[in-house]
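Here the structure comes first, spelled out in structure tokens, and everything after it is commentary.
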Amino acid sequence: MERMKLKRMFTSRRFRAGGYSAFATAVVVAIAVAANAIVGALPASLTQIDMTEQALYTLSDQSRQLVRNLAEEVSLYLLANEGGEDGAILQLLENYAALSGHVTVETVDPTSNPGFFSERELSQIYANSVLVESGERSRLVDYAEIYVTEYQMDAYGYGYTASTGFDGENQITSAIHYVTSEDLPTVYALTGHGERELSEALLQQLEGENYAVHDLHLLSVDAIPEDADCLLLYAPESDLSAPEADMLIAWLEAGGALLLLTDVAEEGSMPNLSRVAEYMGMVQGVGLVLEGDRGSYWSMPYDLLPDLASHAITDPLIAGRYAVLLAYAHPIEQAQDAQAEVTFLLNTSEDSYAKEEGYGIETFEKEEEDATGPFGVAAASMRSEARMVWVGSAALLDAEMDLLSAGANGDFFLNALGWMCDQEETISICAKSLDAATLTVSARDNALWSLVLVGTVPLVCVLAGVFVWHRRKKR
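Just so you know, we're using full-length UniProt numbering here: the sequence shown kicks off at 1 and counts up by one.
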């Protein structure tokens with residue numbers, strides 16, 4: 001009897017339905033587990049969609065091409081305590097790893113792995129900094145270089161506005177390029193003539209572009225170092241010696257490159273430097289350039305906003321509609337019987353004029369004896385394989401001038417170096433703004449939408465409620 005009941009129970013419709021349900025549940029669970037395992041094995045680029053307005057984690061084509069062409073192993077170490085990892089930085093690093101099997105990402109906790117830091121002589125590191133290593137080279141990308149604050153003068157010139165940006169991709173891509181490049185361009189800054197020193201900010205920019213920068217006193221060497229790609233002569237206060245000028249001319253004859261920035265000087269005060277410039281087809285004009293066109297200067301007539309002529313150096317600035325700002329500039333002219341091809345990069349307007357007194361001028365007004373523009377205030381020249389860029393204002397690299405030009409001055413300088421060092425590919429990826437977007441409306445629109453949202457919409461809702469209530473009451 002019991003067997004019959006048991007048999008009927010196992011063969012009943014309810015049991016069969018329950019069995020099917022249990023089987024279906026088991027299959028669904030198995031599929032879910034398998035799908036979860038498969039999704040977990042997928043790269044972050046496929047599973048973590050960048051939903052940020054600024055596309056913080058999305059890599060540019062420049063970064064993608066660099067990483068996909070890697071032939072060396074690259075390690076990206078996020079230096080952070082366990083549980084304190086910056087999610088944005090970590091996801092960015094994982095996106096690099098997703099592009100190439102040569103890139104690995106690892107989080108290193110200074111508390112649990114102090115040996116990692118001592119072996120690499122790392123100390124006083126900000127949390128969530130990134131160490132990039134490949135072979136014998138490494139570069140530390142500081143957390144403060146990833147999240148950057150930039151200041152720009154307001155439209156009226158009375159104050160500065162601050163903006164915060166995420167510069168992670170630019171810094172990481174530049175570091176990867178640095179640790180995997182066989183040869184890095186080397187710039188020697190000449191000393192011994194009262195030259196200005198490059199600012200720390202500019203040196204960091206050069207490092208970010210993977211330039212090696214060293215000082216060089218020409219009288220202390222027999223020849224210019226073989227690894228030199230470009231020489232920089234930044235605002236010398238005194239003239240070169242004759243042997244130094246001969247060394248520079250020989251360097252140019254051999255296909256060298258020279259970047260020269262000079263201030264206004266008395267005619268004939270630097271004959272040896274003039275001899276070097278004349279070899280490259282250029283001479284220094286006399287006087288201080290002033291602008292008569294109000295649309296071609298910033299605050300004062302000596303704060304020039306010159307026109308940019310098309311050239312490999314200036315084309316990126318023209319495309320971005322940037323303006324270079326030069327203060328206290330002198331003219332640059334083409335030498336008679338020049339054997340070099342000279343291109344004037346920055347040119348003043350036809351209303352500009354030059355005062356022979358230089359810094360000693362007593363009036364900004366144009367006088368009869370003043371030379372009339374337009375003037376070239378920056379030029380590039382080529383003679384055979386030699387290259388030279390001359391900027392007639394050392395203020396090009398002043399921090400304030402660069403700030404006022406929204407970075408255009410610094411970009412001009414870097415572009416000039418890139419052209420002379422024959423660097424076709426440079427890492428230049430803009431930081432992504434983290435500032436909240438604001439909606440600006442006129443007072444008229446503000447009043448209109450206030451009336452609609454505060455008055456009209458609530459009134460419509462009340463009337464609709466009264467109508468529904470009245471209909472229900474009639475029923």
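All C-beta atoms in this analysis are idealised placements derived from N, C-alpha and C, irrespective of residue type, glycine included.
| Query | Result |
| --- | --- |
| Looking at the strands, I want to know which residues DSSP matches up with residue 380. | 343, 389 |
| Between which two residues does the beta strand (DSSP E) carrying residue 75 extend? | 74-79 |
| For residue 286, which of 270, 91, 315, 402 has the nearest alpha-carbon? | 270 |
| Identify whether residue 259 lies in helix, strand or coil by the three-state DSSP scheme. | strand |
| I'd like to check one pair, residue 392 with residue 325: are the Cβ atoms closer than 9 Å? | no |
| To test your reading of the DSSP string, which unbroken alpha helix (DSSP H) runs of 4 or more residues are found completely within the region 167-250? | 168-180, 200-208 |
| Just to confirm my understanding: we take residue 258, look at its own chain, exclude 5 residues before and 5 after, and list those with CB closer than 6 Å. What are they? | 231, 388 |
| Going by DSSP, name the residue or residues bridged to residue 139. | 132 |
| For residue 527, does the count of other Cβ atoms within 10 angstroms reach 16, so buried, or fall short, so exposed? | Limits of the chain in this structure are 1 at one end and 475 at the other, which puts residue 527 out of reach. |
| Counting only runs that start and end within the region 306-366, where is the alpha helix (DSSP H) found for 4 or more residues in a row? | 315-319 |
| Compute the Euclidean distance between the alpha carbons of residue 402 and residue 409, then round it to the nearest angstrom. | 5 Å |
| Should residue 124 be labelled buried (16 or more other beta-carbon atoms within 10 Å of its own) or exposed? | exposed |
| Here's the rule I'm using: 16 or more other beta-carbon atoms within 10 Å means buried, otherwise exposed. How should residue 31 be labelled? | exposed |
| Check whether the region 62-77 and the region 127-147 touch, using three or more Cβ-Cβ pairs below 8 Å as the test. | yes |
| Three-state secondary structure (DSSP) at residue 111? | coil |
| Check each candidate in 70, 122, 98, 96 and name the one with the smallest Cα separation from residue 108. | 122 |
| Excluding the 5 residues flanking residue 225 on each side, which residues of the same chain have their C-beta closer than 6 Å to its C-beta? | none |
| I'd like the list of long-range same chain contacts for residue 241, defined as Cβ closer than 6 Å, with 5 residues on each side in sequence excluded. | none |
| With DSSP collapsed to three states, give me the class of residue 423. | coil |
| By DSSP's criteria, residue 284 is part of a beta bridge. Which residues make up the other side? | 332 |
| If you draw a straight line from the C-alpha of residue 176 to the C-alpha of residue 246, how long is it? | 40 Å |
| Going straight from the alpha carbon of residue 114 to that of residue 128, what length do you get? | 15 Å |
| If you reduce the DSSP assignment to three classes, tell me which class residue 418 lands in. | helix |
| What is the rounded straight-line gap between the Cα of residue 414 and the Cα of residue 206? | 8 Å |
| Going by Cα to Cα distance, which pick from 70, 390, 302 is closest to residue 178? | 70 |
| Write down the C-beta distance between residue 189 and residue 198 rounded to the nearest angstrom, noting that I regard them as a contact closer than 8 Å. | 7 Å |
| Whose C-alpha, out of 376, 256, 345, is nearest the C-alpha of residue 317? | 345 |
| Going by DSSP, what residue range makes up the alpha helix (DSSP H) through residue 465? | 457-474 |
| Within its chain, find whatever has a CB closer than 6 Å to the CB of residue 218; leave out the 5 residues flanking it on each side and keep chain order. | 244, 247 |
| Excluding the 5 residues preceding and the 5 following residue 456 in the sequence, name in chain order all residues of the same chain whose CB lies nearer than 7 Å to its CB. | none |
| Based on Cα-Cα distance, which residue from 371, 186, 143 lies nearest to residue 166? | 143 |
| Go through its chain and collect everything with a Cβ distance to residue 111's Cβ below 7 Å, but skip five positions before and after it. | 81 |
| Which residue from 262, 310, 418 puts its Cα closest to that of residue 193? | 262 |
| Bridge partners of residue 293, per DSSP? | DSSP lists no partner for residue 293. |
| Can you say whether residue 61 is buried or exposed, counting buried as having 16 or more other CB atoms within 10 angstroms of its CB? | exposed |
| Just grab the DSSP bridge partners of residue 106 for me. | 77 |
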